[in-house]
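First up is the structure itself, then whatever we jot down about it.
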Amino acid sequence: MTELSMKKNVSIQEQPEEERESVFEAQGVNLWYGQTQALHNIHLKQREQEVTAVIGPSGCGKSTYLKTLNRMVEMNPEVRISGNISYRGRNIFSRRFPVEELRTRVGMVFQKPNPFPKSVFENVAYGPKIHGIRDKQLLEQIVEESLKGAAIWEEVKDRLHENAFGLSGGQQQRLCIARCLAVEPDVILMDEPTSALDPKSTMKVEELVRELKETYSIMIVTHNMQQAARISDRTAFFLNGEVVECDTTDRIFSNPSDDRTEDYITGRFG
Amino acid sequence: MQMMDQEAVAKSLPRRIAINKIVRGLFLGSTLFGLVVLAVLLYDVISDSWGWLNWNFLTSVVSFDAAEAGVIGAITGTFWLMMITGPLTMIIGVATAVFIEEYVKEGRVRTFFETNISNLAGVPSIVFGLLGLTVFVRILGLGSVVLAGALTMSLLVLPIVIVSAQEALRAVPSYLREASYGMGATRWQMIRSVVLPAALPSILTGMILSMSRAIGETAPLIALGIPALLIPLPSSMFDSFTVLPVQIYYWTIDAALNDDLAALAAATIIVLLVMMFILNATAILVRNKFQKRL
Chain A
1208 MTELSMKKNV SIQEQPEEER ESVFEAQGVN LWYGQTQALH NIHLKQREQE
1258 VTAVIGPSGC GKSTYLKTLN RMVEMNPEVR ISGNISYRGR NIFSRRFPVE
1308 ELRTRVGMVF QKPNPFPKSV FENVAYGPKI HGIRDKQLLE QIVEESLKGA
1358 AIWEEVKDRL HENAFGLSGG QQQRLCIARC LAVEPDVILM DEPTSALDPK
1408 STMKVEELVR ELKETYSIMI VTHNMQQAAR ISDRTAFFLN GEVVECDTTD
1458 RIFSNPSDDR TEDYITGRFG
Chain B
9 MQMMDQEAVA KSLPRRIAIN KIVRGLFLGS TLFGLVVLAV LLYDVISDSW
59 GWLNWNFLTS VVSFDAAEAG VIGAITGTFW LMMITGPLTM IIGVATAVFI
109 EEYVKEGRVR TFFETNISNL AGVPSIVFGL LGLTVFVRIL GLGSVVLAGA
159 LTMSLLVLPI VIVSAQEALR AVPSYLREAS YGMGATRWQM IRSVVLPAAL
209 PSILTGMILS MSRAIGETAP LIALGIPALL IPLPSSMFDS FTVLPVQIYY
259 WTIDAALNDD LAALAAATII VLLVMMFILN ATAILVRNKF QKRL
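Respectively, the protein sequence lines represent chains A and B. Start counting the first sequence at 1208; every next residue gets the next number (our numbering). Start counting the second sequence at 9; every next residue gets the next number (our numbering).
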């Protein structure tokens, strides 16, 4: 892809007058898998009502960083972390901040659509149910709102009680987004949510992300630089476990300050 | 540049195809071997018991007169034994597997648990019988009752249930766990709502295998002192009992004295096989029902 076509795709977005309130703030985060250091001294902010795209070549630590934010990365027993990450002023590694609460506030959409082997309805109702909602009417209301929120209601409203595995890949991914919305999170982390989808489904998910940012703070890891340019307000470029540059998406794609960023977005490597 | 000699490839092709066919034949032969042996066994047992297996045989209690003898006592005993052993091993076995797979971190402690359970699976069944005799019959003073037999049998098949349940839990894809954790589920919520339902069909397969084992085990029960001659039927788990395989064992031994007893043993084998078949069929139906629901 040429540099020119890249730039054309960049949507012109207004600069926020003043900086929005930050949701996540990482300070000097280092992370090791056993002996291998995967993240080096990460400083990064994630703000309200913004989409932050995380780009970088494979193995640069972008997914690792995303999973650190909701502490899913620690499911690997070899992981060690140092540094500090705060979510709305609270240290996420604190004993007084249970991971269950963090993950209720911080939803996640995974690379591969991962619906449960249950009905569409049960998939979306899963989150509210584990958080103690039993009222059937309320559950129905939540399911409908969440499916509408994920722009999939029209497609599934007549098959709410069919197995979710019967949906297409793109529908499954939007169902997973609906499932995530049902818990009413504050932040949504998306780990390459469209990498397993066809172009049309990808477009639908991208549209959805643009709508969702009105309400949610979104961080999206993506391999697709055009996607980052299309949907994000800010872009962070990761390389070898470091943040090379983080700036507004416009600036990253038109006038990056670091040569390595420029090399990457113009396709000279990666 | 051509790295592959096309002529040599073409020349070797018939040989590869022939090997392919031979291998298929070997596999087919192995499968038939099992089937043929089973068929011979069935034929032998059925012909030996011909005329003996009737309603009277199924509903009568044991008797010294071969013509009068029946197996209702052993059927009831086997039924009682399975009713207690089944749920007991299911609960303890699955709980153990869940603990090891989901709660214990990989490392020395886990290896310790797993090694010991595997070793337990290799202990001869008679040893479990002696253990049951010491602990349940003597120390706990239960006597040779249904409960003592069921506890002994549970110990015997637990390793099978645990190992197969572990396999089932391990086969649950990690993305399902992640999806659940990602929404703030606690570990137990995740296990109950995601892992157990997904693993249940395979867990039940393990249960079927272990129950088939338990229904046919003889040695540990003989060690417990289960009699063959039992007139009153067991009506609670604290009653004396006998089971089909023990009945078969004693009749086979006594066949040296009276030829008719051999026929009775053969007829009892058929009853045992049919009971096992019904048990397995039920479990498979239950399993399929769960699989469909997923």
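We put the beta carbon where it would ideally sit given N, CA and C, even for glycine. This one's a predicted model, so the numbers in the text were calculated from it and none came from an experiment.
query                                                                                                                    : result
Under 7 Å by beta carbon: chain A residues contacting K113 (chain B)                                                     : P1284
Contacting residues, own chain, Cβ-Cβ under 6 Å from K19 (chain B) (five flanking each side not counted)                 : none
Residue(s) in a DSSP beta bridge with I1299 (chain A)                                                                    : According to DSSP, which records beta bridges pairwise, I1299 (chain A) is partnered with nothing at all.
Meets three-Cβ-pair contact criterion under 8 Å: the stretch 193-208 of chain B and the stretch 217-234 of chain B       : no
Of the listed residues A:P1305, A:E1369, A:V1313, A:G1296, nearest to E1329 (chain A) (C-alpha basis)                    : A:E1369
Within 9 Å, strictly: CB atoms of F1231 (chain A) and L1246 (chain A)                                                    : no
N296 (chain B) burial status per 10 Å Cβ neighbour count (16 or more: buried)                                            : exposed
Cβ distance (whole Å) where V1451 (chain A) is taken to contact T1468 (chain A) below 8 Å                                : 6 Å
Closest by C-alpha distance to E1226 (chain A), when choosing among A:I1459, A:P1406, A:D1454                            : A:D1454
Beta-carbon neighbours of N1237 (chain A), restricted to chain B and to distances below 7 Å                              : By Cβ distance, chain B contributes nothing, its closest Cβ being about 23 Å from N1237 (chain A), past 7 Å.
Spatial distance of G224 (chain B) from H1430 (chain A) (CA atoms)                                                       : 59 Å
Residues near N1277 (chain A) in its chain [Cβ-Cβ closer than 7 Å; skip 5 each side]                                     : L1309, R1310, V1313, M1315, L1396
Own chain residues within Cβ distance below 6 Å of S1408 (chain A), not counting five before or after                    : G1377
Beta-carbon proximity check, S188 (chain B) vs S201 (chain B), cutoff 9 Å                                                : yes
Residue-level contact to chain B via CB, F1328 (chain A), 9 Å cutoff                                                     : no
Anticipated Cβ contact below 8 Å, E314 (chain B) with P1284 (chain A), distance rounded                                  : With chain B covering only 9 through 302, there is no way to say anything about residue 314 (chain B).
For F249 (chain B), the three-state DSSP class (helix, strand or coil)                                                   : coil
DSSP three-state assignment for T1401 (chain A), whether helix, strand or coil                                           : coil
Any chain A beta carbon closer than 9 Å to S201 (chain B)                                                                : yes
Minimum length 4: unbroken alpha helix (DSSP H) runs contained in the stretch 40-92 of chain B                           : 63-67
Through-space distance from E122 (chain B) to Y258 (chain B), alpha-carbon basis                                         : 37 Å
C-beta neighbour in chain A for A179 (chain B), strict 9 Å                                                               : no
C-beta atoms of T86 (chain B) and S162 (chain B) nearer than 9 Å                                                         : no
Against chain B: residues of the stretch 1332-1352 of chain A by CB proximity under 9 Å                                  : Y1333, G1334, K1336, I1337, H1338
Residue burial classification, D1405 (chain A) (beta-carbon count within 10 angstroms, cutoff 16)                        : exposed
Where C1453 (chain A) sits in the DSSP three-state scheme                                                                : strand
Inter-stretch contact at 8 Å, needing at least 3 Cβ pairs: the stretch 266-276 of chain B / the stretch 63-79 of chain B : yes
Spatial distance of D56 (chain B) from V44 (chain B) (CA atoms)                                                          : 18 Å
Minimum Cβ-Cβ distance from T1311 (chain A) to chain B less than 9 Å                                                     : yes
Proximal residues, the stretch 164-196 of chain B versus chain A, C-beta separation under 7 Å                            : Y183, L184, E186, A187, Y189, G190, M191, G192, A193, T194
Chain-ordered neighbours of A206 (chain B) on chain A, where CB pairs are closer than 7 Å                                : P1324
Cβ of N1298 (chain A) within 9 Å of any chain B Cβ                                                                       : no
Chain B contact for M1397 (chain A) (CB, 9 Å cutoff)                                                                     : no
CB contact below 9 Å: G1268 (chain A) versus chain B                                                                     : no
Delimiting residues of the beta strand (DSSP E) encompassing I234 (chain B)                                              : Per DSSP, I234 (chain B) belongs to no beta strand (DSSP E) and is neither H nor E.
CB contact below 9 Å: M1432 (chain A) versus chain B                                                                     : no
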